[in-house]
Structures are given as structure tokens and as C-alpha cells.
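Remarks on the structure that follows.
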Ligand SMILES: Nc1nc2c(c(=O)[nH]1)N[C@H]1C(S)=C(S)[C@@H](COP(=O)(O)O)O[C@H]1N2
Ligand SMILES: [Mo]
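Residue numbers (this note's numbering): 101 to 353.
Next comes the structure, spelled out in C-alpha cells:
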């Protein structure tokens, strides 16, 4: 959500309220009413602190259920190339002028955690990896979605190349703007999860994540980290920029 002033501004949406709304919807979807929830927890539903705690538990339950339902092979819809938008929408918590400018010559992708070969990767090395294109829909939690064409290497291919422990639980990403994200291993190994080097057949422009973004069409937009500078594999839950601010961590679409 760009702002009109050039200074970086952290704009935090009302994440807590959002969590309540989303989880309430999911709760009702499972046939449980808020009245039943009140009985179960013995709390007045208008006591927002208690409600927050209850919904935090529900959010963790949602992670569990979503992970159980996610087969790791279900494919997101792909579209004809003609449907891909050329002027893709920009989004981050600051104005695009403030997107981190990464120079290819200075860049290295750092690797950490449960990975055999932790040698850092340069941009030319990354861009020499085998690539494929996909036209998929990006769904942002803020209420917009757009079909785009991304090109890059399946994250699985990269994880295999570097000898990552594919039985580990999570893959985490650190970004040049202080953003961070993490995904479960089945999502990391999913055939449509790619390290995207191009958008609309162009090398990713700065504001869209140069030198690459993790493109995951089975996840909401915020789980697609841009300007990734480090990648790690771990069994310890790493959290994420928005999950740590109240959004559901799994956030599948
Ligand atoms: N590093 C970083 N990655 C990020 C974000 C961000 O603020 N910083 N915003 C996320 C959100 S909410 C969205 S919708 C998409 C937007 O990607 P786009 O600018 O390519 O449309 O990037 C995601 N990845
Ligand atoms: Mo988003």
C-alpha cells in the first residue's frame, strides 16, 4: 500500500481485527457458532483480549487443519498467457520508491540451517538454473488479485542442488527490506513453487523483488517474499512478518 510521501512508513493494517474476522468465518464454516464458542471458553465474546487469545488458538488449529488438507500436489489453476497482466500491481508496506535497490554485482544469496552446501549464490549462478514459466493468479489479502506470468526455477530443484534436508519442517526466507517469511516443506517442494527471476518476461524490476521472489500460487500474496537475501531450512517454526502480526501463517488459497 503505497503512501504519498517518500519516507519509509510502516503501515500496519488492523491485523488483530482481521484475524478475528477471518477465523470467525472459518469457525462458522465448520458449523460452530460464536455462541458455542462462548460456552466452550466461558468468556464473554465481547471481551476482546480473551477473544484474541481464543482466536490465536483457532489460528494455530487452522494451520494444523490446512496443513493436513494440503496434499502438496494439488495444483493452483494456470491460465493462458493472454490473461497475464503486463502492468502488474506493486505491493509492500512502503512506497515503491523505497523498495531496496539490490545491485547484482553486490548480491549473494546466503544459505543456512539444514543444508549441506551452504556456499552463497550469485545472481548469474541463480539465473543459470533451469527455468519454467507459469501464468497464475496472485491473491492479496487486502482484497485484490491479478494474473501474472512468472518465470524461474522450481524451489525443489534448488533445494535438491544445495543438499537441503527435504525431511525438515520449514524453509525460511529473509528479505532485503526486513521482511521475512517461511513455508512448510510440502509447499517448498510443490511443483508450482518457484524462485521467480522474471515477471512478464522481464528480469524482476527492483520493486517486484530483484533478484528474485518466491512465487507460490497456492498461497496468499504475503507469503511470496521479494528481494530474498537468505534462505534457510529448519525444524523450528520461524514465523513470518505478517503471521507475527496476527495473520494466519499457513494462508493457503
Ligand atoms: N520483501 C517483501 N516481500 C513481500 C512484501 C513486502 O512488503 N516485502 N509484500 C507481500 C505482499 S502483501 C504482496 S501482495 C506481494 C506483492 O508483490 P508485487 O509487488 O510483486 O505485486 O509481495 C509480498 N512480498
Ligand atoms: Mo498482499
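All residues carry an ideal CB built from backbone N, CA and C; glycine is no exception.
- Near ligand 2, meaning a beta-carbon closer than 7 Å to one of its heavy atoms, we find 191, 240, 241, 242, 320, 321 and 322.
- Note on geometry: alpha-carbon atoms of residue 267 and residue 197 lie some 40 Å from one another.
- Around the beta carbon of residue 310, 16 or more other beta carbons lie within 10 angstroms, which makes this residue buried.
- If the five residues before and after residue 307 are omitted, its C-beta is found closer than 6 Å to the C-beta atoms of 190, 196 and 199, all from its own chain and listed in chain order.
- Per DSSP, residue 200 lies in no alpha helix (DSSP H) and is assigned neither H nor E.
- Counting along the chain, residue 227 sits inside the alpha helix (DSSP H) bounded by residues 223-227.
- Going by beta carbons, residue 353 and residue 235 fall outside the 8 Å limit.
- Beta-bridge annotation (DSSP): residue 328 is paired with 275.
- Residue 335 sits away from residue 263, with the two beta carbons spaced by 8 Å or more.
- Residues of the same chain with a CB within less than 6 Å of the CB of residue 218, apart from the 5 flanking positions on each side, are 211 in chain order.
- Residue ranges of uninterrupted alpha helix (DSSP H) with 4 or more members, entirely inside the stretch 285-334 and ordered along the chain, are 285-289.
- Residue 173 counts as exposed, since fewer than 16 other beta carbons sit within 10 angstroms of its beta carbon.
- Out of 303, 348 and 315, the CA that lies nearest to the CA of residue 202 is found in 303.
- Residue 237 carries a strand assignment under DSSP once its states are collapsed to helix, strand and coil.
- By a beta-carbon distance limit of 8 Å, residue 273 contacts residue 325. Their separation comes to about 4 Å.
- Residue 180 and residue 187 have their alpha carbons spaced roughly 17 Å apart.
- Counting the other Cβ atoms within 10 Å of the Cβ of residue 228 gives fewer than 16, which makes it exposed.
- Annotation for residue 330: 210 and 274 place their beta carbon closer than 6 Å to its own, counting only its chain and skipping 5 residues before and after.
- Annotation: the continuous beta strand (DSSP E) that includes residue 253 extends over 244-254.
- In the structure shown, residue 178 adopts coil according to DSSP, grouped into three states.
- For residue 238, the distance from the CB to the nearest heavy atom of ligand 1 is below 7 Å.
- With a cutoff of 7 Å, residue 177 does not count as near ligand 1, since its C-beta is closer than that to no heavy atom of the ligand.
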